[in-house]
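Worksheet: the structure to be examined is printed underneath.
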Amino acid sequence: MVKSVIVAYVLWAVGGPLGLHHLYLGRDSHALLWMLTLGGFGIGWVREVTRIPAYVGEANQDADKDRKRHPASIPPPAGPVRFVGQVCVGIYFGTVALIGLNSLSFFYLIVLPLCVGAGVHLVSTVGQQTSDLQKTLTACLITSPIFYGSNLSPLPISLAASFTAAQNRKFKPPQTSGKAQKLGPRLYRLGLAWLAFSAPLGYCIFHNTTATLYYLSDCIAALLDIFWFLPWLRSVLEYILLMPYRILCVLTGGGYYEEAWKKVLEVLLKEYTEREKEALQVLSLKSEASLEEITRSYRELAKTWHPDQNPSKDAEAMFVKIHEAYEILQRWHRPNRFK
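Just so we're aligned: 895 in our numbering is position 125 of the sequence shown, and the numbers increase by one with no gaps anywhere.
Structural data, given as structure tokens:
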């Protein structure tokens, strides 16, 4: 069936961030990507206002049985937009994995690189081209141990996977076209993919909200600290990262200003996590203890249990435990921990 540009634009306007127009045009990989990223974080959806006629043209060419296929020996042209998208979505998938799946065994060696590779490969399959999934995942698995345990490890893993995917790009064979299949099975597969992506994240957010927000704030701080030598770039990145909060303020009728987002996080993070409760017990403090009281208790206990002052064989282990507890509680009270 011939696709209509007008229908595609209507679906783009009504449900573009959810990929309805891509689903209509048989671009299932693109539709799934838009579902998981809400239209490429909004940027891709806006960019498509000029791309829809080309998408419709591709869909109508795919409907032509006599169309001429690209030679398999000639790879698709490399595009900077696709490469940047691969890196960003790889990082995005890796961050979601860090939030929802980091308690799994061998997370940094297997789970994280596979998730990052899945995000990169999803972008590489958008449109009429794809890449070698096996080589992409191999690059992720090789890179991951180098940055084992780092919160920023999705970035180098995603870069390695994106370079590999770009080097092994190729046109899709005819049988992989989404429009050749019925809508029901396509929606079923897309639904399963969306559920597999969102279920671990949803579970983590609803059952461990405080820890999730802590991780997000730490990632934002670590990312922004990289660009300390370029204040203007740091400000731009901070503005982009806080865009979801700004949109929420607009939708709810509230205002936003420089310190508002930190105050929101302060309210959400007013409860101690289990780890922080244990730290309070180590320092013999109550939950309402101030930073001054925490520091005072730490100094007294550190002096008591310092290995040079305490001959007990358990002194060194207890001293380390006291120091770790102090660092945990100090971070909770640090006013600029979200910067």
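Glycine included, C-beta positions come from ideal geometry on N, C-alpha and C.
For Phe-941, the residue or residues it bridges with in DSSP: Gln-899
Among Phe-967, Val-1052, Trp-1075 and Thr-1065, the one whose alpha carbon lies nearest that of Gly-864: Phe-967
Cα-Cα separation, His-891 to Pro-1001: 33 Å
Ala-930 and Thr-913 closer than 8 Å at C-beta: yes
contact_flag[the region 818 to 827, the region 916 to 925] where n(CB pairs < 8 Å) is 3 or more: no
Val-893 beta carbon less than 8 Å from that of Arg-852: yes
For Glu-726, three-class secondary structure by DSSP: With the chain running from 771 to 1109 in the structure shown, residue 726 is simply not present.
Alpha-carbon spacing of Ile-927 relative to Arg-797, whole angstroms: 27 Å
Cβ pair Gly-809, Gly-786 closer than 8 Å: yes
Beta-carbon gap between Lys-942 and Gln-898 smaller than 8 Å: yes
Where the alpha helix (DSSP H) containing Gln-856 begins and where it ends: 850 to 870
Per-residue burial, Pro-915 [other beta carbons within 10 Å of its own, 16 or more giving buried]: Pro-915 is exposed by the Cβ-count criterion.
First through last residue of the alpha helix (DSSP H) which encompasses Phe-811: Under the DSSP assignment, Phe-811 falls in the alpha helix (DSSP H) whose first and last residues are 798 to 811.
Beta carbon of Pro-1081 nearer than 8 Å to that of Phe-1089: no
Assigned exposure category for Tyr-1096 - 16 Cβ within 10 Å defines buried: With 16 or more Cβ atoms within 10 Å of its Cβ, Tyr-1096 is classed as buried.
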